[in-house]
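Read the structure below first, then the notes.
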Amino acid sequence: MTGPKRPARTASVAPAIETRGLTKQYGARRVLDELDLSVDAGSVFGFLGANGAGKTTTIRILLALVRETGGSARIFGHAPGSAEVRPLIGYCPDVPGFASWMTAREVLEQAATVFQLPKNTSRRRVADLLDLTGLADTRAKVGGYSRGMRQRLGLAQALINSPRLLILDEPTSALDPMGRRAVLELITELRGKTTVFFSTHLLPDVERVCDDVAILSSGRVAAAGPIREVRARFGGARGRLIVETSDPALLRGMLPDKPWVLTVEDEEPGSRALVLTVDDLEESAARVAAEIASRGERLYRLEPREASLEDVFVDLVEAGR
Numbered sequence: 001m002t003g004p005k006r007p008a009r010t011a012s013v014a015p016a017i018e019t020r021g022l023t024k025q026y027g028a029r030r031v032l033d034e035l036d037l038s039v040d041a042g043s044v045f046g047f048l049g050a051n052g053a054g055k056t057t058t059i060r061i062l063l064a065l066v067r068e069t070g071g072s073a074r075i076f077g078h079a080p081g082s083a084e085v086r087p088l089i090g091y092c093p094d095v096p097g098f099a100s101w102m103t104a105r106e107v108l109e110q111a112a113t114v115f116q117l118p119k120n121t122s123r124r125r126v127a128d129l130l131d132l133t134g135l136a137d138t139r140a141k142v143g144g145y146s147r148g149m150r151q152r153l154g155l156a157q158a159l160i161n162s163p164r165l166l167i168l169d170e171p172t173s174a175l176d177p178m179g180r181r182a183v184l185e186l187i188t189e190l191r192g193k194t195t196v197f198f199s200t201h202l203l204p205d206v207e208r209v210c211d212d213v214a215i216l217s218s219g220r221v222a223a224a225g226p227i228r229e230v231r232a233r234f235g236g237a238r239g240r241l242i243v244e245t246s247d248p249a250l251l252r253g254m255l256p257d258k259p260w261v262l263t264v265e266d267e268e269p270g271s272r273a274l275v276l277t278v279d280d281l282e283e284s285a286a287r288v289a290a291e292i293a294s295r296g297e298r299l300y301r302l303e304p305r306e307a308s309l310e311d312v313f314v315d316l317v318e319a320g321r
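Residue numbers (the UniProt record's numbering): 1 to 321.
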C-alpha cells in the first residue's frame, strides 16, 4: 500500500500542533504522561489509542476545554484558547448535535453568523460546503437525517470559518460503510488545504487517508511518524503469509507445531487459502515452500504481507499495559 501523497514540508512553518511534556492528572490518576507530539501543517494525522489512552483528554486540552497539569501545547505556535488560535480551529465531535427543526443550510448560516462572516462570504461558504458534503439538494429537516448525513453536516459546520486546523473525534466510528466512505473522501479532499487531526480506533480508515500517525499507550506516544515508517520500525520482520495449496487440511495440521508460525487462520470461510502470522516473513516464506514441496503438494499461492498498522497497534498497546 503506497498510502496518500504527503504534502511538502516547509521548515519555516510552525507545526499545526506541538506538545512537549504534556501532562494531565486527575487526582492520583495520570491520564497524559509527558506527551510529546508534532503535527505538520497541511497533513492528515491519525491519533490512535485504546479507550482510556488519553486521546479525548488531549483534544480537550487543544480546544482549551481543560487545562494541562504540566508541559505545554501549542497550535501554530500559540496557546490553545488564545485570541490568535480561536479563529483557526474547526471541531466536530463524534456525535454532532443540531436543532432538529433546522435545515442544513440554516445550520450553516447560523454557524457563519457566530463567526461574524460577511454576508457575501457566508453565502459562498454555505453553498460551497453544502456541495462538498453532498447536502446541497437536501431540503429535509436535520431531525430526519441519517447518522452519516449528520456527520457530514458536522464536518461542514466545522469548516464554515475556513479553519487551518480541523479536529475530529471518532468521525467514522458509528457510520455504515457508505457513510464512512463519504466522510473519508471528504477528509481526503482537505489534504494540503487544512490540517486534519482525528482520533479514531478504526485503523483501516487511518491507513486509507492519513499521512502520519501517533499511537498512544498509557498517556504516552508509543510510536509516531509516517505510517510506512511506523510499520517498518515497529513491525520488525514479522508479517503474514497467504498460502494456498492442493491440500489445505494437511497444511493446517502441520503448521501449528512450527515455532516460527504464530497463528493460522482461514483467509475467508470456505477458502482454500490460509493466513499465517509468522515471526520472520522472508525466512518463513522459504520454509513454507520447502515444507509443501517435501510432502509432494502443489503450491498455488504464496503471498507475503508486511506487518500491518493493526499488528503494530496491538503490540504497542499490549506492551504498555
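All C-beta atoms in this analysis are idealised placements derived from N, C-alpha and C, irrespective of residue type, glycine included. Fair warning: this is a prediction, and the values are worked out from it, not measured in the lab.
Assuming residue i contacts residue j under a Cβ cut-off of 8 Å, what Cβ separation, rounded to an integer in Å, is found between them?
i: Leu37; j: Gly71; result: With 8 Å as the limit, Leu37 and Gly71 do not qualify as a contact, their Cβ atoms being about 10 Å apart.
i: Val85; j: Val196; result: That belief does not hold up - the Cβ atoms of Val85 and Val196 are roughly 17 Å apart, past 8 Å.
i: Leu309; j: Arg220; result: Leu309 to Arg220, Cβ: 18 Å. No contact.
i: Pro80; j: Asp40; result: Between Asp40 and Pro80 the Cβ distance is about 18 Å, and since that is not below 8 Å, they are no contact.
Where residue i and residue j are concerned, what is the direct C-alpha to C-alpha distance, given to the nearest angstrom?
i: Thr2; j: Pro177; result: Residue placement at Thr2 is flagged as unreliable, the pLDDT there being 45, under the threshold of 50; the coordinate-derived value follows with that caveat. Each residue's Cα considered, the two are about 22 Å apart.
i: Ile59; j: Leu276; result: 38 Å
i: Leu262; j: Leu274; result: 13 Å
i: residue 334; j: Thr172; result: Residue 334 lies beyond the stretch modelled for the chain, which goes from 1 to 321, so this question has no answer here.
i: Thr10; j: Arg228; result: With a pLDDT of 49 at Thr10, under the threshold of 50, the modelled position of that residue is not reliable, and no figure is offered here.
i: Tyr145; j: Gly134; result: 13 Å
i: Val317; j: Leu299; result: 36 Å
i: Val288; j: Gly235; result: 21 Å
i: Leu265; j: Pro248; result: With the sequence shown as reference, residue 265 is identified as Glu, and Leu is not the correct amino acid for it. So the alpha carbons of these two residues sit roughly 11 Å apart.
i: Ser294; j: Ser246; result: 13 Å
i: Arg67; j: Arg29; result: 15 Å
i: Arg139; j: Thr56; result: 34 Å
i: Trp260; j: Ala286; result: 12 Å
i: Phe313; j: Asp212; result: 14 Å
i: Leu250; j: Asp257; result: 12 Å
Can you list, in chain order, the residues of its chain with a C-beta nearer than 8 Å to that of residue i? Leave out the 5 residues immediately preceding and following it.
i: Thr96; result: Reading the sequence as shown, one finds Pro at residue 96 and not Thr. The residues are Arg150, Gln151, Leu153, Gly154 and Gln157.
i: Leu88; result: Ile75, Phe76, Pro163, Arg164 and Leu165
i: Gln110; result: Met102
i: Leu203; result: Leu48, Ser308, Leu309, Glu310 and Phe313
Drop a sphere of 10 angstroms on the beta-carbon of residue i, count the other beta-carbons inside from all chains shown, and report buried for 16 or more, exposed for fewer.
i: Ser82; result: exposed
i: Ser217; result: buried
i: Thr188; result: exposed
i: Tyr91; result: buried
i: Asn161; result: buried
i: Gly52; result: exposed
i: Ser284; result: buried
i: Gly270; result: exposed
i: Val282; result: Looking at the sequence provided, one finds Glu at residue 282 rather than Val. Answer is exposed; the Cβ neighbour count stays below 16.
i: residue 404; result: Only positions 1 to 321 of the chain appear in this structure, which leaves residue 404 out of reach.
i: Leu65; result: exposed
With a CB to CB cut of under 7 Å and the five nearest residues on each side skipped, what residues in its chain are close to residue i?
i: Pro93; result: Asp169
i: Ala267; result: Reading the sequence as shown, one finds Glu at residue 267 and not Ala. For Glu267, where only same-chain residues beyond five positions count, the Cβ hits under 7 Å are Ile242, Ala273, Leu274 and Val275.
i: Leu129; result: Leu108, Ala156, Leu159 and Ile160
Among residues of its own chain, excluding the 5 on either side of residue i, which ones have a beta-carbon nearer than 6 Å to its beta-carbon?
i: Gly54; result: Val31, Leu32, Leu216 and Gly219
Query raised in the report: Is there contact here, the region 299 to 311 with the region 231 to 251, by at least three beta-carbon pairs under 8 Å?
Result: yes
Query raised in the report: So does the region 109 to 117 actually touch the region 71 to 80, counting three or more Cβ pairs closer than 8 Å?
Result: No, they do not touch.
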